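A.B. asks: Residues in the sequence shown are numbered from 7 upward in steps of one, following the numbering used here.
Cβ coordinates follow ideal geometry from the N, Cα and C atoms, glycine included.
Note that the structure is predicted; figures quoted are calculated from it, not measured.
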Amino acid sequence: MNKAYICFCESEDWRKLIWESKACPCREKKIEEQLTNWKKMLAHEIKEGQTVVRIKTNLDNPDPSERDWWIAKIVDVVEHPNPRAKNNHVWPSYNLASAVDDHDMNVNLIIRGQEHMTNGDKQKELYSYFNWEYPHCYYHGKISKLGDMTLSKSKMKLIMDELGVERYDDPRMATIKAFRRRGFKPEAIRKVILDCGLALKEVKITTEAFAAANKLFIGEANEYPFFEEMISLEVEEMIEGEIEGTKFEKGTQKFFVSKKELLKNKIGSLIRLKKACNIKLKEIKQDFASANFISYTKTNNPILSWVINPINIEILMRDGSTKKGFTTKNILKEEGIIRIEGLGYANIEEKNDSLIKLVFAHE
């Protein structure tokens with residue numbers, strides 16, 4: 007066939023000739039000599055780095071990368087040897103292996119990213135030499151960006167090393183594992199990908215698009231309060247009542263509220279404990295507050311969230327930081343995605359009687 011040759015040229019010398027559309031001396035050697043060198047490669051008499059096998063192409067091709075590209079090389083020590091090929095040292099290039107596999111497996115349709123268009127041209131040349139019919143190819147643009155996160159595995163690894171990230175499901179990573187850990191539904195990811203469509207143009211997806219898609223599939227999620235720092239609030243002169251499943255007895259009732267939010271008010275302020283009752287602040291100290299019960303009637307007074315049985319909560323955020331605080335023990339009955347007041351959606355990852363851990367999903 008005389009469509010390939012064994013090249014012993016130094017890479018820089020060969021590259022200089024190719025850029026000038028000139029053939030290297032190895033290309034013109036006789037077939038007998040080429041076959042002799044090929045057998046030496048198979049016998050591992052020629053070592054790694056000394057030679058490569060190149061396919062003969064059009065040296066005037068406008069794209070220099072498609073001129074006499076390599077199709078096989080020698081590997082002295084195979085890092086992950088296949089037991090069936092442990093004594094083999096001549097290994098094919100991606101384009102040779104891919105082309106032969108596609109032919110042997112009767113592939114007739116190839117869908118690949120636009121970055122493989124040049125590879126498609128190379129593989130077509132191989133097919134033409136063997137008189138094979140090349141499969142139909144459909145190229146599409148790749149998703150190059152997801153918000154501010156990179157999708158490049160190599161760049162991702164550099165970022166992980168730089169930040170000391172050990173897990174691929176870390177919320178800072180744009181991986182399926184990370185999105186699953188954060189509580190994203192498979193249907194949401196599928197919808198975003200399908201909405202991108204198939205076109206040659208590169209696609210950049212916003213995190214807002216992912217969040218919007220996820221909301222469509224997570225359905226209703228119960229909301230729970232979150233206090234980074236809490237303070238006890240005793241409400242005196244309560245009367246019996248039941249609001250949304252919570253029973254209140256006559257007398258004094260202890261609540262726990264956000265210290266930050268409570269300290270925004272003054273003694274004498276009228277406040278409505280969320281979905282419960284109206285109170286009038288009586289006393290405010292650094293670690294304690296008290297108030298008088300006013301009524302259960304719904305009003306437009308400033309609203310203050312509360313809990314009766316607090317539990318520690320930790321939320322792993324998108325930037326890798328952890329928010330710590332308190333919420334209600336009622337949260338322990340939940341599984342999966344919930345809403346955290348003032349933050350957004352989060353996925354329950356771990357829980358016990360004293361602590362619940364979540365991973366932030368999105369607003």
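Sort Asn318, Glu38, Leu164 by Cα distance to Thr328 and report the nearest one.
C.D. replies: Among Asn318, Glu38, Leu164, the Cα nearest to that of Thr328 is on Asn318.
A.B. asks: Taking Val58 and Lys79 to be in contact with their CB atoms under 8 Å, please state how far apart those CB atoms are, rounded to whole angstroms.
C.D. replies: Rounded, the Cβ-Cβ distance is 5 Å, consistent with contact.
A.B. asks: Would you kindly report the start and end of the unbroken alpha helix (DSSP H) that includes Gly126?
C.D. replies: 123 to 135
A.B. asks: Which word fits Phe294, buried or exposed, when buried means at least 16 other C-beta atoms lie within 10 angstroms of its C-beta?
C.D. replies: Exposed, by the Cβ-count rule.
A.B. asks: Between the Cα of Gly350 and the Cα atoms of Val365, Lys210, Ile273, which residue gives the shortest distance?
C.D. replies: Val365
A.B. asks: Let's see if you can read the secondary structure: which residues bound the alpha helix (DSSP H) around Met323?
C.D. replies: No alpha helix (DSSP H) holds Met323; DSSP gives it neither H nor E.
A.B. asks: Would you grab the beta carbon distance between Lys163 and Asp175 for me? Rounded to a whole angstrom, and I think it's under 8 Å.
C.D. replies: The distance from the Cβ of Lys163 to that of Asp175 is about 15 Å, inconsistent with a contact at the 8 Å cut-off.
A.B. asks: What are the complete alpha helix (DSSP H) segments, minimum 4 residues, inside the region 133 to 208?
C.D. replies: 159 to 169, 182 to 188, 192 to 202
A.B. asks: Does the count of Cβ pairs from the region 225 to 242 and the region 295 to 307 closer than 8 Å reach three?
C.D. replies: With the cut-off at 8 Å, the region 225 to 242 and the region 295 to 307 touch.
A.B. asks: Could you check what DSSP says for Ser275 in three-state terms: helix, strand or coil?
C.D. replies: coil
A.B. asks: In terms of residue numbering, what span does the beta strand (DSSP E) encompassing His368 cover?
C.D. replies: 361 to 368
A.B. asks: With DSSP as the reference, label Gln292 as helix, strand or coil.
C.D. replies: coil
A.B. asks: Which of helix, strand or coil does DSSP assign to Cys13?
C.D. replies: strand
A.B. asks: Kindly list the residues whose CB is nearer than 7 Å to the CB of Ala218, restricted to its own chain and excluding five residues on each side of it in sequence; keep chain order.
C.D. replies: Short of 7 Å from the beta carbon of Ala218, and not among the five residues preceding or following it, lies no beta carbon of its own chain.
A.B. asks: Helix, strand or coil for Ala215, going by three-state DSSP, please let me know.
C.D. replies: helix
A.B. asks: In whole angstroms, what is the alpha-carbon distance linking Ser264 and Glu234?
C.D. replies: 7 Å
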